[in-house]
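Asks: First residue of the first sequence: 0, per numbering that gives the first Met the number 0; consecutive thereafter. The structure's right below; bear with me while I get my questions together.
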Amino acid sequence: MGKYHFNEIEAKWQKHWAENQTFKAENDSEKPKYYVLDMFPYPSGAGLHVGHPLGYIASDIYARYKRHQGYNVLHPQGYDSFGLPAEQYAIQTGQHPAKTTEENIARYREQLDKIGFSFDWSREVRTSNPEYYKWTQWIFIQLFESWYDKDLNKARSIEELRAIFSSEGNVQVNAVCDEGIQHFTASEWLGFSETEKQEILLKYRLTYLAETEVNWCPQLGTVLANDEIVNGVSERGGYPVVRKKMKQWSMRITAYAQRLLDGLDKIDWPQPLKDSQTNWIGRSKGASVKFSVMSYELGVGETSSHIPHPSSLEIEVFTTRPDTIFGVSFMVLAPEHDLVSKITTAEQKEAVEKYVEATAKRSERERMADVKHITGVFTGAYAEHPFTKEPIPIWIGDYVLAGYGTGAVMSVPCGDQRDYDFAKHFNLPIPNIFKDADISEEAYSDKENTIIANSDFLNGLNYAEANDKIIAALEEKGNGKGKINYRLRDAVFSRQRYWGEPFPIYYKDGMPHIIPTECLPLRLPDVEKYLPTEEGEPPLGRAAKWYWDEKNSEVVSPPLEGQGEDIYPLELNTMPGWAGSSWYFFRYMEPGKSESDSKRDEVFASNEALNYWKNVDLYIGGSEHATGHLLYSRFWVKFMHDRGLVPVDEPFKKLINQGMILGESAFVYLYPSSFGPIIFISEGIYVSGKYIDIIKEIALKVNPKLLITKTDVKIHVDVSFVNTHNELDIEAFKNWRPEYKDAIFILEDGSIYEPNSSPSGRPGGDFKVSREVEKMSKSKYNVVNPDDICNQYGADTLRMYEMFLGPLEQAKPWNTAGITGVHGFLKKLWKLYHSGENESFYVSEEAASKDSLKTLHKTIKKVQEDIENFSFNTSVSSFMIAVNELSAEKCNSREVLEPLAILISPYAPHIAEELWEKLGHLESISTAPFPKFEEKYLVESTKEYPISFNGKMRFTLELPLDISKEEIESAVMAHEKTAQYLEGRTPKKVIIVPGKIVNIVG
RNA sequence: GCUCGAGUGGCGGAAUUGGUAGACGCGCUGGAUUCAAAAUCCAGUUCUUUCGGGAGUGUGGGUUCGAUUCCCACCUCGAGUACCA
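Given below as structure tokens:
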């Protein structure tokens, strides 16, 4: 009875919470609302490891704390269940991803339930559920049906754009759209065919089709992510990968660049995260400048007939330093730049093509990171300097990336280090345009302290003056203008994959058309194989029925030759992972479908729900989402806000990043002997090097001539075979892999392992492994499973230990050995309430001691501050200190033990509920008011002053707190130890900070 | 390469605004209890030392009566880098 039976207690309360729907959020409540959300988990086949719940535990503590504070808390959970791993698994095994996803979710749920989270599961969402992705498709259609009005600075409906075109053409329209759209009048517009109109409208839509560069792997017939490419070849299979242009759906996120930047000031996010979004968006002020390509009559070299219209070609560059334009001595285009093939001369053709081909094999990241190898090729062509009219050689170089800016740079080697290095390497001129600047060794890039020289009308001006003057001159000449440039690129939205949302799009006369919203969801069709088709089309190309019958509004089989005139092919790509996760937080606001008032079938979320919950108050997740999910969802929310779909324009008010929990991998050293079984070497023997002689002895019996050399081979061993003392369970290890069955083990003491005769009596007691901290992953065999921890120590122990490991936002290694400390603490806590006979439950109704009340109140203060600062690790320490003190004081009064149970309940909810019930309460502890801190219990009358000499603390002295500085000084100077440390010197100065410190200088 | 973050005992980490460095826990050492083990309890545990002391928060400088904390330069590790989620 008296013992802490965590397994029974936890099962009992988890059942109680589920049956009573204790954590169900209300959409209609007198209480203030609070919305706590975790980043969407992807249900992987490996299940949860102890690193995953870290953030969930933190947010759960916060959610429970807020309930104690009297809030109506929404704390939901669901699954981001579309994604690549399930598809990869489907390719390997042929199983439908829906099936494996379902299984993975069931496993996740089971694991999550064991940890005792206070989730409102009635609101669960799954992105791969048609009931959910219907609305992802619906939002896509809203984007398709919208354009961005720069004058009003918001998204508007395409219908309004059509109306403008019909009444006044497009000349006055100030929109974010494709480049180079021709102007037309209202009457011209009305004269266009529907297909022509669609073609034009597509250039304005917020989601549109565009040619974008991708990593194409011809053998796999698919596009790869950068991290699926290792050393230029595919991670899977090792096939070559090339950069290739492909027509894909894009999202005009660049329309929102400035608003995404401005919005950062309104949200409470960690500064590094804001910084990374700021840098990602990359706003820079400068000028766009056009350089004409020179015809050969103006340039040098032979005349060349392959330039179609001499001087009509232009290279547009963006520069942040237009003031340095007179320092331009060459230009560099990205090898993929459209103009490259048009301007390259016959002599340079071969070299250029070779270079372009070589560049196509390099990844963007590789090109950015590699600054050591300077490469490039001269195109043979020249551009005309807009002011000096001098010819400027045009080069191509892979340090210029096609997707950045215009994919071309004007190179000013005296002012930019990369240009400088390029010029030095290829022996190009480096004209100096800075007064008194030394550019013999490196470029001079300081723009604040510079005076422009050798620059015609800019001579003698500083950066700001020159900048303004040159922009004015460029605008006057018509070959440039001041411009704000963003590094942010439009987001590619197509994936050549199966396991994602189908686009509600079909193609008619080559133009995309949307499926009527009442026909949604457009369900993902079945395919017999999850690979691309033989023609290199995405997997949806394999679907038997994947055509749209416009007349009957249904998905049909492909039409036979000459038949089915209203039947059109459906889009074969699917949406990316971030589609479903860009709006899911709104779905949770609407009650789940099991509720009678749920409107989930009619709307993505009802207005009442959206207006009640507004935005997420606290969002916890990893910083790796900084520029993906967290930027895309802000974009979608701003768009939805523009179109009046949601009342807020930022999704997450406060955000906290949690760090990664790392694993402690175990390794065994291996000698790959050629003369017999594999030999494994215990850590100590390996480190000392003594193993060589031992192996020689073994080898001697086989063949005395064998040469034994050192080994540095070590392999991962499953951490479940290793105990907390780093000792390997040899028998379990031998059974792990058939090839280890007959292996020889050299033990820590140098002896050879014999089954059943190990010195310690247990199998393999004396074989040690080495440890290393690595990412926790299945492939490293270092995964620790939370349900194992729950079974052995309980969920409350797991929750507290995860918090105890260290600061929430930092990465830290998991070490199961340390968990006993936290578990012991919970046992001690239990004991505090079981001081009766035979360890039975006992609390007294008598007043608590002064010391106990002091312990309680300093703990209330600390824990409250800690929760509000997300410093959960330090509050676990405070609980330990509190329980240690109360145990020493033999405290058993209700006055202290009752508030203590509430205090600890966000962290260890099961034991808290159990104690609460034993204290005589019938209601769950989850909404009991949080204890109130009272200063009066903490007031001190004296202070133990540290007395320092020259900043070094030497002794302490207890003095009343209400005495004056002078009194402190005389008390300190009168102390015998003071004289001892002064060794006869007279102090130069005595620094006294009342209540803090005394420092004697001299 | 670029951007951001982190370096404190054997280990995880603590230290409110610049004010007693190492709280709390693990591990380790010794002891109590036990036939024994587990569990539990008690004491000790930064290093060094001639036992007076001395050194000490990645390295080297600086500011200050006083620096883990502020400033400058550097080193190492980790994360992100646009189709992993």
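We put the CB at the ideal spot given by N, CA and C, even for glycine.
Mapping DSSP to helix, strand and coil, what is D711?
Replies: coil
Asks: Does K65 pass the burial test, meaning 16 or more other C-beta atoms within 10 Å, or should it be called exposed?
Replies: buried
Asks: Find the nearest neighbour of T710 within the set N725, D489, S673, judged by alpha-carbon distance.
Replies: S673
Asks: Can you tell me whether N572 is buried or exposed? The criterion is at least 16 other CB atoms within 10 Å of its CB, across all chains shown.
Replies: Classification for N572: buried.
Asks: Any idea what DSSP makes of I514, helix, strand or coil?
Replies: coil
Asks: Keeping to the same chain, check which residues put their C-beta closer than 6 Å to that of K779; ignore five residues upstream and five downstream.
Replies: S664, H715, E773
Asks: Buried or exposed: R496, going by 16 or more other Cβ atoms within 10 Å of its Cβ?
Replies: If you draw a 10 Å sphere on the C-beta of R496, you find 16 or more other C-beta atoms in it, and that means buried.
Asks: For T318, write down the residues that DSSP places opposite it in a beta bridge.
Replies: Residue pairing by DSSP places T318 opposite A286 in a beta bridge.
Asks: With a threshold of 8 Å, are at least 3 pairs of Cβ atoms found where one atom belongs to the stretch 189–208 and the other to the stretch 146–166?
Replies: Contact between the stretch 189–208 and the stretch 146–166 is present, because at least three Cβ pairs lie under 8 Å.
Asks: What is the DSSP secondary structure of W188, reduced to helix, strand or coil?
Replies: helix
Asks: CA-CA distance, S632 and G262?
Replies: 13 Å
Asks: Under 6 Å Cβ to Cβ from L852, same chain only, skipping five residues before and after it: list those, please.
Replies: Y936
Asks: Within the continuous alpha helix (DSSP H) that includes R633, where are the two ends?
Replies: 628–641
Asks: If we ignore side chains and look at the alpha-carbon of each, how far apart do A452 and E313 end up?
Replies: 27 Å
Asks: According to the neighbour-count rule (16 or more other Cβ atoms, all chains shown, within 10 Å of its Cβ), is V411 buried or exposed?
Replies: buried
Asks: Per DSSP, what kind of secondary structure is W915 in: helix, strand or coil?
Replies: helix
Asks: What is the rounded straight-line gap between the Cα of G627 and the Cα of W279?
Replies: 10 Å
Asks: Identify, in the order they occur along the chain, each residue of the same chain with its Cβ nearer than 7 Å to the Cβ of A380, setting aside the five sequence neighbours on each side.
Replies: V292, I342, T343, T344, I393
Asks: Please go through the same chain and pick out, in chain order, the residues whose beta-carbon is closer than 7 Å to the beta-carbon of T1002, but skip the five residues on each side of it.
Replies: Outside the displayed range of the chain (0 to 1001) lies residue 1002, so it cannot be described from this structure.
Asks: Kindly indicate the opening and closing residues of the alpha helix (DSSP H) around E966.
Replies: DSSP places E966 inside the alpha helix (DSSP H), whose first and last residues are 964–973.
Asks: Just how far apart, CA to CA, sit K14 and L260?
Replies: 46 Å
Asks: Could you check how far apart the C-beta atoms of F290 and E383 are, in whole angstroms? I think they sit under 8 Å.
Replies: 7 Å
Asks: Pick from D741, L746, K704, V636: whose alpha carbon is nearest that of S687?
Replies: L746
Asks: DSSP puts L956 in a beta bridge; with which residues?
Replies: Y944
Asks: Between P42, P31, E18, which has its C-alpha nearest G576's C-alpha?
Replies: Ranking the options by Cα distance to G576, first place goes to P42.
Asks: Quick test of the definition: if touching needs 3 or more C-beta pairs under 8 Å, does the stretch 787–805 touch the stretch 49–63?
Replies: Taking a cut-off of 8 Å on C-beta distances, the stretch 787–805 touches the stretch 49–63, as three or more cross pairs fall below it.
Asks: Between P676 and S719, what straight-line distance do the alpha-carbon atoms span, to the nearest angstrom?
Replies: 24 Å
Asks: Does F164 come out as helix, strand or coil in the three-state DSSP assignment?
Replies: helix
Asks: Which residues does DSSP pair with W547 in a beta bridge?
Replies: V554, Y567
Asks: Start and end of the alpha helix (DSSP H) containing K353?
Replies: 348–359
Asks: Compare the Cα-Cα distances from M38 to each of G540, K827, K653, Y739 and report the closest residue.
Replies: K653
Asks: Cβ atoms of F22 and D112: under 7 Å apart, would you say?
Replies: no
Asks: Of all the options V170, S843, R984, which has the alpha carbon lying nearest to the alpha carbon of K889?
Replies: S843
Asks: According to the neighbour-count rule (16 or more other Cβ atoms, all chains shown, within 10 Å of its Cβ), is S28 buried or exposed?
Replies: exposed
Asks: Under 8 Å Cβ to Cβ from V701, same chain only, skipping five residues before and after it: list those, please.
Replies: F674, G675
Asks: Given E894, which residues of its chain have a CB within under 7 Å of its CB, disregarding the five upstream and five downstream residues?
Replies: A846, A847
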